Every structure is written in C-alpha cells, then in structure tokens.
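Okay, structure first, notes after.
Protein chains: 2
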Amino acid sequence: MKRLHRDDIYGWSLFNEGLDIDFHSVLWVRPDGNVAIDPLPLSDHDRTHLEQLGSVNTIVITNSDHTRASKSLAEATGARVLGPADERVRLECDGWLNDGDVVVPGLTVMTLHGSKTPGELALLLEDTTLITGDLIRAHVAGRLHLLPDPKLSDKAKAVESLRRLANMPSIEAVLPGDGWPVFRGGGQALADLAAEFD
Amino acid sequence: MKRLHRDDIYGWSLFNEGLDIDFHSVLWVRPDGNVAIDPLPLSDHDRTHLEQLGSVNTIVITNSDHTRASKSLAEATGARVLGPADERVRLECDGWLNDGDVVVPGLTVMTLHGSKTPGELALLLEDTTLITGDLIRAHVAGRLHLLPDPKLSDKAKAVESLRRLANMPSIEAVLPGDGWPVFRGGGQALADLAAEFD
Numbered sequence: 003m004k005r006l007h008r009d010d011i012y013g014w015s016l017f018n019e020g021l022d023i024d025f026h027s028v029l030w031v032r033p034d035g036n037v038a039i040d041p042l043p044l045s046d047h048d049r050t051h052l053e054q055l056g057s058v059n060t061i062v063i064t065n066s067d068h069t070r071a072s073k074s075l076a077e078a079t080g081a082r083v084l085g086p087a088d089e090r091v092r093l094e095c096d097g098w099l100n101d102g103d104v105v106v107p108g109l110t111v112m113t114l115h116g117s118k119t120p121g122e123l124a125l126l127l128e129d130t131t132l133i134t135g136d137l138i139r140a141h142v143a144g145r146l147h148l149l150p151d152p153k154l155s156d157k158a159k160a161v162e163s164l165r166r167l168a169n170m171p172s173i174e175a176v177l178p179g180d181g182w183p184v185f186r187g188g189g190q191a192l193a194d195l196a197a198e199f200d
Numbered sequence: 003m004k005r006l007h008r009d010d011i012y013g014w015s016l017f018n019e020g021l022d023i024d025f026h027s028v029l030w031v032r033p034d035g036n037v038a039i040d041p042l043p044l045s046d047h048d049r050t051h052l053e054q055l056g057s058v059n060t061i062v063i064t065n066s067d068h069t070r071a072s073k074s075l076a077e078a079t080g081a082r083v084l085g086p087a088d089e090r091v092r093l094e095c096d097g098w099l100n101d102g103d104v105v106v107p108g109l110t111v112m113t114l115h116g117s118k119t120p121g122e123l124a125l126l127l128e129d130t131t132l133i134t135g136d137l138i139r140a141h142v143a144g145r146l147h148l149l150p151d152p153k154l155s156d157k158a159k160a161v162e163s164l165r166r167l168a169n170m171p172s173i174e175a176v177l178p179g180d181g182w183p184v185f186r187g188g189g190q191a192l193a194d195l196a197a198e199f200d
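This is the structure:
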C-alpha cells in the first residue's frame, strides 16, 4: 500500500487497460477506526499491510459504479458500508450518506449532481484533501477533467457541482478514483477545470 | 501505458512490495524515434501500446541499478542503449553519456554525484520536465526525497547535485524512477528538498 501525501493516508491502485489509467482507492488511518474509500481488490501484500495499519471499520462507496471489492472487504473485516443516499435502490449498504453528513470526525460528505449516477459522493478530509469518485477524474497527469459529456446525466448540474468544489480554497490535494492524483495545487487544478466552462 | 502531463509523454509502473512505492518508466514519443528511460518489464497490453506509439529507438539507463528490462526491450526493438559514462565497467551499452550531452534534441543529460552509483544520470526534457533515477525519489506523494544517507557514497556531493537541480527555475515536473511523480510544482518540490540541507 502506497503512502500518499500525509502520514495517515494510504492508497492502492490498479491499472485499467481499457482506459490506460490507474484506478485508486484511499485509506485514512485513524485511532478510532480506519476508513476505506472505493476499495479495489487487494493483493496479499496490501491485505497484510492493511491489517498492520489496523484493518478497516468503515467503507464508503462514492457511486454504484465504484463498488469494486467493497463487499468482500466488508465480509472479511466486518466494516460497515456506506453509500450515496440517492442510490438506495441500486446498492446494498449499511447506511446512507447525504450532503453535509460527517462519516467520521474530519470526513465530510458532499453530494455532486449531473454525473452518470445520481448523487455521487465526494469526500472532504480535514478541509484540505478532496476524494472524488467518477465525476472529477484525471486522464492527463497534473490536471483534472470532468466525466465526458455523453456520460453526464445533466451537464449544467455537473458544472455547478464542480464550481462548488472549485470555490473551496482550502483544498490542496485532489484524489480521484480514476486517474492521476493531484497532490500539489489541487485547488488550482479544480479552478483551472471550472474555468474551462466559464 | 499511462498518459503523463504532456501529449507526448507516457509511462508505465510497477508496484514494489519491498518499498511500498511504484517504480516508473518514461517514454517520450517523437517523430524521429521514441526514447524510453529506465524501462521496466512491459505487460502485453503496454507492449502493444508501445508499438502503436512507434516502438522505441533509444533506451537511456540512469544508473546500473535501473537496467530493469532494458536488455530484452533493446533485443525486441533494436533500440540503442545509452548509459552513464562513469559506469562503463558495470554496464553493457551501445554508447555513454556525460554531463551536457544531448541524447536527442530537447533531451539533455545531467550527471549527478554522490549517489549509490557513480555519475548517475538525470535527464532534462525541453527544460521543463526532469527525469531522475535513484538519487531524487519520492516515498511521500507531492514531495521529493534524497536517497537515504546510508546509501549515498558522498552526501556533500549529492546535496550539491540536488542544489544544481533546485536552481533551475524552468523545471515544472519531476518524474522520479522510484515513487510518486510531481507533475505540478516540481521546481518548488526540488527547492523545498534543497532547503532541508541549508
């Protein structure tokens, strides 16, 4: 499992041959129980590493296309699984998340609209790290991109959700589920992306 | 093969379980023949992708610990292999590189000192992208690190080489062979690292 930009944030990745990008999962290591976001299948090595880091208490699924290995990880660890409230009909979860909910102290839910699934979640970790699912992604390193138009259910709403994120000056790192993370200047990368739709 | 920060730069990676970081290779796609740096073994998918991008004419090895899959790639493609002149005794190459040499137009060699091998190479691509081997690395995302002290042959010389890089304000991206690339603010990351040794 790779160290990300903080001592307490780890990640693991899987190269996707269809898109030629890495898919990513994030683990926030906390004294009161770790949180995994959109967990991909784990190698034996990373599974052992996860246990060394304290396993996982909570799994957050940002959207129904990112269930990935959530079910098997929940079964193996006993973690609760939380998903977007707008996808109750599509997902099996132990709890549902709405905009403004606090998953654990320091991890706040934002609901994004207009993406390919209803009410996709983004997560803001201690005001400085934004974790996104599918709407905000990165197929070119160091920049951020919106999901392509044909996949958006409502582009105007998607851009509005993007603008909301771009107006949060505290964001430093943006960790998309799909494509290169932006560890430095993530807020600027969001602003640059939003400016494309002005 | 992943798109990096420019249309003409690609990369592929391999997670190293011993260090819990990704190892990286870089491909610069050029009309006059592509250049690969420190090539790792390629998956069938990436091997096909490489052929679609025009295969490879030149392989550069930054140091003798980064030969990786250079030999088999050279055999498969007919590419010439270039390595650090200070490692003539350790490496089999078709040609040798010294500080200031131009591999192909736009790709300039810098020789670094004090690392674990003599005369390790760094490559400066069109003044803005720095590709490093082992001396400059990144085990924490968004930051750069020097090889640990016990591995350095001469720390003062290593820091001097680092300072030379940190004094090049044109650098925007730093792509280490080992650990997270810094696509935004790479020059600042070099300056931050150099400042640790003031």
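As given, the protein sequences belong to chains C and V, one line each in that order. The first sequence begins at 3 in my numbering and counts up by one. The second sequence begins at 3 in my numbering and counts up by one. Note that the Cβ used here is the ideal one computed from N, Cα and C, for glycine as well. A quick note: this is a predicted structure, and the numbers were derived from the prediction, not measured.
Name, in chain order, the residues that DSSP records as bridge partners for Asn18/C. Ile23/C
Environment of Thr50/C [buried if 16+ CB atoms lie within 10 Å]: exposed
Where does Arg139/C fall in DSSP's three states? strand
Please name the residue or residues paired with Ile39/C in a DSSP beta bridge. Looking at the DSSP output, Ile39/C sits in a beta bridge with Val28/C, Val62/C.
So which of Leu137/C, Lys153/C, Leu75/C, Ser27/C has the shortest CA-CA distance to Leu6/C? Ser27/C
Just to confirm before moving on: does the CB-CB distance between Pro86/C and Thr64/C stay below 9 Å? yes
Listed from N- to C-terminal order along the chain, which residues in the region 134-148 of chain C have their beta-carbon within a distance smaller than 7 Å of any beta-carbon of chain V? His141, Val142, Ala143, Gly144
Residue range of the alpha helix (DSSP H) that includes Val161/V: 157-168
Beta strand (DSSP E) segment containing Glu77/C, residue limits: No beta strand (DSSP E) holds Glu77/C; the alpha helix (DSSP H) holding it covers 72-79.
Under the three-state reduction of DSSP, which class applies to Glu122/V: helix, strand or coil? Correct three-state label for Glu122/V: strand.
Would Lys153/V be called buried (16 or more neighbouring beta carbons within 10 Å of its own) or exposed? exposed
Would you identify the three-state DSSP class for Arg49/V, choosing helix, strand or coil? The answer is helix: DSSP assigns Arg49/V an H, G or I state.
Would you kindly check if the distance between the Cβ of Arg139/C and the Cβ of Asp194/C is under 9 Å? no
For His47/V, the nearest candidate out of Val142/V, Met3/V, Glu94/V (CA to CA): Met3/V
Ala81/V, buried or exposed, once every other Cβ within 10 Å from all chains shown has been counted against 16: buried
Check this for me: beta carbons of Val209/V and Val31/V, under 9 Å apart or not? Residue 209/V is absent from the model: chain V starts at 3 and stops at 200.
Quick check on this structure: which residue in Gln190/C, Gly189/C, Gly181/C has the alpha carbon closest to the alpha carbon of Phe17/C? Gly181/C
Provide the residue span of the alpha helix (DSSP H) that contains Ala87/C, from first to last. Looking at the DSSP string, Ala87/C is not in any alpha helix (DSSP H), and its letter there is neither H nor E.
Near Arg90/V, what residues of its chain come up, given a Cβ to Cβ distance below 8 Å and the 5 sequence neighbours on each side ignored? Trp98
Between Leu75/V and Ala38/V, how many whole angstroms is the CB-CB distance? I'm expecting something under 8 Å. 7 Å
Would you kindly work out how many angstroms separate the C-alpha atoms of Gly188/V and Ala191/C, rounded to a whole number? Straight through space, the alpha carbons of Ala191/C and Gly188/V are spaced by roughly 15 Å.
What separation, rounded to the nearest whole angstrom, lies between the Cα atoms of His141/C and Tyr12/V? When rounded, the separation of the alpha-carbon atoms in His141/C and Tyr12/V is 11 Å.
Any C-beta of chain C under 9 Å from that of Ala175/V: Closer than 9 Å to the CB of Ala175/V there is at least one CB belonging to chain C.
Is the Cβ of Arg70/V closer than 9 Å to any Cβ of chain C? no
Cut-off 7 Å between Cβ atoms - residues of its own chain near Phe25/V, not counting five sequence neighbours on either side: Ser15, Leu16, Asn18, Leu42, Gly179, Asp180
Please compile the residues from chain V whose C-beta is within a distance smaller than 7 Å of the C-beta of Val184/C. Arg186
Strictly below 9 Å CB to CB, what residues from chain C border Lys4/V? Phe17, Asp22, Ile23, Asp24, His141, Ala143, Gly181, Trp182
Comparing C-alpha positions only, which one of Ser45/C, Glu174/C, Ser72/C, Leu44/C sits nearest to Leu126/C? Glu174/C
I'd like to know whether the C-beta of Ser45/V is nearer than 9 Å to at least one C-beta of chain C. yes
Measure the CB-CB distance between Ser172/C and Asp129/C and report whether it falls below 9 Å. yes
Relative to the alpha-carbon of Asp67/C, which residue among Val58/C, Thr119/C, Leu52/C has its alpha-carbon at the smallest distance? Thr119/C
Shortest alpha-carbon distance to Val58/C belongs to which of Ala78/C, His115/C, Asn36/C, Lys73/C? Asn36/C
Taking Asp9/V as the reference, which of Leu21/V, Leu29/V, Asp101/V has the closest Cα? Leu29/V
Leaving out the 5 sequence neighbours to the left and right, which residues in its chain are closer than 6 Å to Leu114/C when beta-carbon positions are compared? Glu122, Ala124, Leu137, Ser163
Give me the chain V residues within the contact set of His7/C, using Cβ-Cβ distance strictly less than 9 Å, ordered along the chain. Val142, Ala143, Gly144, Arg145, Trp182
My output table needs one value for Asp194/V: the three-state DSSP class, helix, strand or coil. helix
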